[in-house]
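Numbering (our numbering), first residue to last: 27 to 287.
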């Protein structure tokens, strides 16, 4: 296909892996999933320590990079150091997109919109990318809570009046007994792989791949349309989700290009 550049790169320094895990094995498993959903080849690259300079060198030969299993703060610093014009996703980006899509899906099921809903993010410092997405997606009443707030503002008080809680701390039961409140946790990120695969495929096809807020919002909206909150999609459904994300992202990256999967 004209404009398509391959392969994508799956990069890690293993700094976020559990002790004893083999980074090469973990990356091969990751490539199998992402490459399978995206329908494009990928290569693994293991670094001693991720930094912006190394990512920039990799970006010169690859249209997109998935930076995975790397300590979150280090991954974010390296990603931000590249500036605009590069498509570098982190695990945190994928989690944020999947969770933001889950919020939108829950609201749509209730006939609500982000503009008329109160959302609380518990443990907001752990995943700043999701706060950015929620704000950019139109959430007007957004509250952030962290463990450091507990002494003066306990979580059970912060939850009062919320329609949706993103509980990144695992501090709340999913069933709170309040039918008006939905609690979403890191267990509700089943579509993260489809989000990554779709964005990677779009970046491989787009003449000018990037990963800005418009791309993230497009991926979020595509997932939210069919987000199966609470259960992982089957393999076929995951490929459909990746197709939807790729088409939505291509439409943003290159509006005049037919954004078909």
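Where is the CB? At the ideal position from N, CA and C, for every residue including glycine.
**Prompt:** How far does the alpha helix (DSSP H) with residue 23 in it reach, from first residue to last?
**Reply:** Outside the displayed span of the chain (27 to 287) sits residue 23, for which this structure offers no information.
**Asked** If you follow the alpha helix (DSSP H) that residue 239 is part of, which residue opens it and which one closes it?
**Response** 239-250
**Prompt:** Who are residue 71's beta bridge partners in DSSP?
**Reply:** 37
**Message:** I need the boundaries of the alpha helix (DSSP H) containing residue 51, first residue and last residue.
**Reply:** 49-64
**Message:** Only counting the same chain, and skipping five residues up and downstream in sequence, which positions put a Cβ closer than 7 Å to that of residue 278?
**Reply:** 240, 241 and 244
**Item:** Span separating the alpha-carbon of residue 141 from that of residue 161
**Value:** 10 Å
**Item:** Endpoints, alpha helix (DSSP H) assigned at residue 158
**Value:** 154-162
**Request:** Along the alpha helix (DSSP H) that carries residue 82, what are the first and last residues, could you check?
**Result:** 78-85
**Message:** Comparing C-alpha positions only, which one of 99, 271 and 167 sits nearest to residue 78?
**Reply:** 99
**Item:** Endpoints, the alpha helix (DSSP H) within which residue 222 is located
**Value:** 218-231
**Request:** Pull up the distance between the alpha-carbon of residue 247 and that of residue 73, whole angstroms please.
**Result:** 33 Å
**Prompt:** How about residue 38 and residue 112: are their beta carbons less than 9 Å apart?
**Reply:** no
**Which listed residue (70, 121 and 101) has its alpha carbon closest to that of residue 288** = In the structure displayed, the chain extends from 27 to 287; residue 288 sits before or after that span and is not available.
**Unbroken beta strand (DSSP E) run spanning residue 208, endpoints** = 208-210
**Asked** On the three-state DSSP scale, how would you describe residue 99?
**Response** helix
**Prompt:** Does the beta-carbon distance from residue 228 to residue 267 come in below 9 Å?
**Reply:** no
**Asked** How is residue 193 classed by DSSP in three states: helix, strand or coil?
**Response** strand
**Asked** Out of curiosity, what's the CA-to-CA distance linking residue 234 and residue 275?
**Response** 12 Å
**Request:** Can you tell me which of the three DSSP states residue 272 falls into?
**Result:** helix
**Prompt:** Under the three-state reduction of DSSP, which class applies to residue 265: helix, strand or coil?
**Reply:** helix
**Prompt:** How is the beta strand (DSSP E) around residue 93 delimited, first residue to last?
**Reply:** 91-93
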